[in-house]
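Residue numbers (my numbering), protein chains in the order written: chain A, 1 to 393; chain B, 1001 to 1393. Virtual Cβ for every residue (Gly too), placed ideally from N, Cα, C.
Rendered as structure tokens:
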């Protein structure tokens, strides 16, 4: 077994496994099938761009996890997981993207051979890498099993970060700071969006002193001029014009841990609409950040932000934050707690959130956000970019 | 309606819609729910990094397609699709990543309101963005509908490329050539993997004369030294050593159209194992490329390649190619035809494949591949990197 790719001590993986097993027992789950790539990596160390084919890890209440995937990815498992060779199970290549064969039939046989075919088995029903076909084939292969939902079971175990995880996220925050600094350096009327993004990527992957850059779970999202009305457009070779705004939503990433950060730039002299929105967003964020402390609940942070911007006559119909950490495409959100009405998740030290305070209207938008770590009695912003509308003259 | 983001003439979208409707009727499908981001974009123009929440397009046999997605992504639809405002339907933000609410219940109501609740409805059951939970909620909301599988229905419509699509793929091929040329420029013992990848990204996104670079459906995959035994590992800050090989599997991308290309580099004097493998792969590729012509079937290409490398005592248990074109993460493969035993898909002019001739063994590997366009009576390689084991001294 070659562990030179493992990013955490074995003891940390064992602690994660223990907390997951406790949650399984609470939920009445005997065996858990984990398909989310971040959950798989968090539990076993597995890392590789192989989530475009069916794969998972199987969590048993007493035995070591099993990695299950495509035959050609077995060597990737051997290179990255902490378990030994006996815990690697693969399926042959003719099961890949076939109308005749499905990998979940192989998984079903493996589970039966383990004597677990009649167990209560948890599956991540609303996980983007667990398709309906996967469920159909698996349940047909395990007629005596009780398949129950565990979409967020592992995600909730991940919400409080360990010291080593926080070290990675602080490194990611430093990269995010460097990425936005690079944008400020190169942004000028006439530059092509794609040339700005090329500089962002180079800065992101090179990283900063002692912290190399990993790939983000979402690519740079940008909105220039009227396109700023939409939060999730990407770039083209359109040239930036003076007299227009452009926002960049970027994440610094280290060893798959993300620190997202958005800033809005204005080329030229911003009109009062932008000045007023900046004032509302900054005051709203200050009010929200003030609520980010252990013991408060998520919706209090959201309400504090909404109250301020509504006083300015602005309205945000979407949540204003979500838990962050280890992530793989397509999303750097952790899919557990959100800053929104009705979310009563109690904040605790070691949690990390992207305070997504972005506003999008019919023909414009503004994004100034922070990634935040909750400390014992204060919050810490993971990046250190000036929190303002950045004016480029 | 603002169509300044549309990448094809309206007539091309209409032709795509017609061919899809013919396939629907053949399959006995009255209404088609398309969740694959590339299928959605190919049919309607929709583009945006929003596939981490539930969204789809609804294809009706006689009415214009409907875009369905998250409220905040409605403006992205307005900016990118060809259909008018009346064809945009959204769900409120509290449906996002919630245990109480699911967007598919809203989709079910929309379909009922259209009077389509009792129809034969096609869903992409094994598409990575159509989860089992999505199916459960949708089928509960449409008790009188007959939901049937249409995983590959649209993908098969995409397999023969139009002149405009080929223009984009040739541009992507030129970018892939530039990316590998940049690797050859910077590769040397002592350089960090992450610094090489930073240069790859900068080159990829800047693009080449007249062709800007879009984001790839899979990040650069690399294998250095023993890690070359695994096809899908990514980078770290490990320094490259002389006396070891490293492969790069990269795609040039323009407007979401991909031209993947792999090359293997050797730092120093390659041992006979690599020289022999290079000879086998190149001779095998020549034999396979010779079979890539209209009228032949996919498995003939695969067999020609396998026959040669087996004569050299090498074995590849995986497919050696797949259809390529427009793609979004996590995969640049088109999930229709593959170069493998049993695939009787007849090759036709305008099809494009990644000839994935990579070989991975216990402690080493080699990747030298081509992306190929099938012409009337000859094939065309989309990139023009020297097809060889590249030795860096």
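Could you list the residues in the region 1226-1248 of chain B with a C-beta less than 7 angstroms from some C-beta on chain A, going in chain order?
-> Listed by position along the chain: 1227, 1229, 1230, 1231, 1232, 1233, 1234, 1236, 1237.
Residue 482/A to residue 300/A span [Cα, whole Å] = Residue 482/A lies beyond the residue range present for chain A, which begins at 1 and ends at 393; the question has no answer from this structure.
If you pair each beta-carbon of the region 1052-1069 of chain B with each one of the region 1198-1207 of chain B, do three or more pairs fall below 8 angstroms?
-> At 8 angstroms Cβ cutoff, the stretches do not touch.
Euclidean distance between Cα positions of residue 1330/B and residue 329/A = Taking the second chain and counting its residues from 1, one reaches residue 1330/B at position 330. Taking the first chain and counting its residues from 1, one reaches residue 329/A at position 329. Each residue's alpha carbon lies about 7 angstroms from the other.
Verify the CB distance criterion: does residue 93/A have a CB-CB separation below 9 angstroms to chain B?
-> Walking along the first chain from the start, residue 93/A turns up at place 93. Yes, residue 93/A counts as interfacial toward chain B.
Leaving aside the five residues before and after residue 356/A along the sequence, list all residues of the same chain whose C-beta is less than 6 angstroms from its C-beta, in chain order.
-> Counting from one through the first chain, the residue named residue 356/A turns up at place 356. Result list for residue 356/A: 320, 321, 369, in chain order.
8 angstroms CB neighbourhood of residue 191/A in its chain, flanking five on each side removed = Taking the first residue of the first chain as position 1, residue 191/A is located at position 191. Only 239, 240 meet the Cβ criterion.
According to DSSP, what are the bridge partners of residue 254/A?
-> Working through the first chain from its first residue, we reach residue 254/A at position 254. Answer by DSSP bridge pairing, in chain order: 257/A.
List the whole-angstrom C-beta distance separating residue 1153/B from residue 1122/B, where the pair is believed to meet the contact cut-off of C-beta under 8 angstroms.
-> Numbered from 1 along the second chain, position 153 holds the residue referred to as residue 1153/B. Numbered from 1 along the second chain, position 122 holds the residue referred to as residue 1122/B. Confirmed, about 6 angstroms.
Which bits of chain B does residue 274/A rub up against, with CB to CB less than 8 angstroms?
-> Looking up residue 274/A in the first chain gives position 274. Going along chain B, no residue has its Cβ under 8 angstroms from residue 274/A, so there is no contact; the nearest lies around 18 angstroms.
Between the region 378-385 of chain A and the region 162-180 of chain A, do three or more beta carbon pairs fall short of 8 angstroms?
-> The region 378-385 of chain A is in contact with the region 162-180 of chain A.
Counted within 10 angstroms of its Cβ, other Cβ atoms place residue 1243/B as buried (16 or more) or exposed = Looking up residue 1243/B in the second chain gives position 243. So residue 1243/B counts as exposed.
Contact list for the region 70-90 of chain A against chain B, Cβ threshold 9 angstroms = Of all residues in the region 70-90 of chain A, only 70, 71, 72, 73, 74, 75, 76, 77, 78, 79, 80 place a beta-carbon less than 9 angstroms from a beta-carbon of chain B.
To the nearest angstrom, report how far apart residue 36/A and residue 48/A are at their CA atoms.
-> Your numbering for residue 36/A matches position 36 in the first chain. Your numbering for residue 48/A matches position 48 in the first chain. Taking the Cα positions, residue 36/A is about 13 angstroms away from residue 48/A.
Could you tell me whether any Cβ in chain A is nearer than 9 angstroms to the Cβ of residue 1205/B?
-> Working through the second chain from its first residue, we reach residue 1205/B at position 205. Taking Cβ atoms only, chain A reaches closer than 9 angstroms to residue 1205/B, which makes this a yes.
Please work out which residues of its chain come closer than 8 angstroms, Cβ to Cβ, to residue 43/A, disregarding the five sequence neighbours upstream and downstream, and give them in chain order.
-> Position 43 of the first chain, counting from 1, holds the residue named residue 43/A. Sequence-distant partners of residue 43/A (beyond 5 residues in either direction) whose C-beta falls short of 8 angstroms from its own C-beta, in its chain, are 13, 16, 17, 20, 34, 57, 59, 65, 154.
Interfacial residues, the region 127-141 of chain A to chain B, with Cβ spacing under 8 angstroms | Cβ contacts with chain B come from 127, 128, 129, 130, 131, 132, 133, 134, 135, 136.
Under a CB-based cut-off of 9 angstroms, is residue 47/A close to chain B?
-> Here residue 47/A refers to the residue found at position 47 of the first chain. Yes - at least one Cβ of chain B is within 9 angstroms of the one on residue 47/A.
Leaving out the 5 sequence neighbours to the left and right, which residues in its chain are closer than 6 angstroms to residue 394/A when beta-carbon positions are compared?
-> Here chain A has residues from 1 to 393 only, and residue 394/A is not among them.
Residue closest to residue 1075/B, alpha-carbon to alpha-carbon, out of 1005/B, 1310/B, 1117/B, 1297/B | On the second chain, residue 1075/B is found 75 positions in, with the first residue counted as 1. It is 1005/B.
Compare the C-beta of residue 1354/B with all C-beta atoms of chain E and state if any pair is closer than 9 angstroms.
-> Among the chains of the structure shown, chain E does not appear; the protein chains present are A and B.
Could you confirm whether any beta carbon from chain B is found closer than 9 angstroms to the beta carbon of residue 199/A?
-> Numbered from its first residue, the first chain carries residue 199/A at position 199. It does: the Cβ of residue 199/A has a partner Cβ on chain B nearer than 9 angstroms.
Taking only the alpha-carbon atoms, compute the straight-line gap between residue 1188/B and residue 258/A and give it to the nearest angstrom.
-> Within the second chain, numbered from 1, the residue matching residue 1188/B stands at position 188. Within the first chain, numbered from 1, the residue matching residue 258/A stands at position 258. Those two C-alpha atoms are separated by around 30 angstroms.
Runs of alpha helix (DSSP H) lying entirely within the region 299-367 of chain A, each at least 4 residues, in chain order | DSSP runs (the alpha helix (DSSP H)) wholly in the region 299-367 of chain A: none.
Within the 9 angstroms Cβ cut-off, does residue 1322/B reach chain A?
-> The residue given as residue 1322/B occupies position 322 in the second chain. The beta-carbon of residue 1322/B is placed less than 9 angstroms from the nearest beta-carbon of chain A.
Where do the N-terminal and C-terminal ends of the alpha helix (DSSP H) with residue 293/A fall, by residue?
-> Counted from its first residue, the first chain places residue 293/A at position 293. Here residue 293/A belongs to no alpha helix (DSSP H), and DSSP marks it neither H nor E.
Any C-beta of chain B under 9 angstroms from that of residue 44/A = Numbered from 1 along the first chain, position 44 holds the residue referred to as residue 44/A. Chain B contact via Cβ: absent.
Output the boundary residues of the beta strand (DSSP E) element that contains residue 133/A.
-> Stepping through the first chain from its first residue, residue 133/A is reached at position 133. Element bounds for residue 133/A: not the beta strand (DSSP E) but the alpha helix (DSSP H), 132-141.
Reference residue 112/A, options 146/A, 317/A, 79/A, closest by Cα = In the first chain, residue 112/A corresponds to position 112, counting from 1. It is 146/A whose Cα lies nearest to the Cα of residue 112/A.
Run through DSSP, which three-state label would residue 19/A get?
-> Counted from its first residue, the first chain places residue 19/A at position 19. Three-state result, residue 19/A: helix.
Could you confirm whether any beta carbon from chain A is found closer than 9 angstroms to the beta carbon of residue 1362/B?
-> Position 362 of the second chain, counted from the first residue, corresponds to residue 1362/B. For residue 1362/B, the answer is yes, since a Cβ of chain A falls inside 9 angstroms of its Cβ.
Grab me the residues of residue 436/A's own chain with a C-beta within less than 7 angstroms of its C-beta, minus the 5 sequence neighbours each way, in chain order.
-> Summary: the structure shown does not reach residue 436/A, with chain A confined to residues 1 through 393, and so no result is reported for it.
Pull up the distance between the alpha-carbon of residue 1340/B and that of residue 93/A, whole angstroms please.
-> Position 340 of the second chain, counted from the start, is the residue given in the question as residue 1340/B. Position 93 of the first chain, counted from the start, is the residue given in the question as residue 93/A. Whole-angstrom Cα-Cα distance: 10 angstroms.
Taking only beta carbons into account, state which residues of the region 144-169 of chain A come closer than 8 angstroms to chain B, listed in chain order.
-> Of all residues in the region 144-169 of chain A, 149, 151, 152 have a Cβ within less than 8 angstroms of some Cβ in chain B.
Span separating the alpha-carbon of residue 390/A from that of residue 1210/B | Counted from its first residue, the first chain places residue 390/A at position 390. Counted from its first residue, the second chain places residue 1210/B at position 210. Roughly 30 angstroms separates the two Cα atoms.
Would you list the residues sitting across from residue 1421/B in a DSSP beta bridge?
-> Coverage of chain B is limited to positions 1001 through 1393, which leaves residue 1421/B absent and any answer about it impossible.
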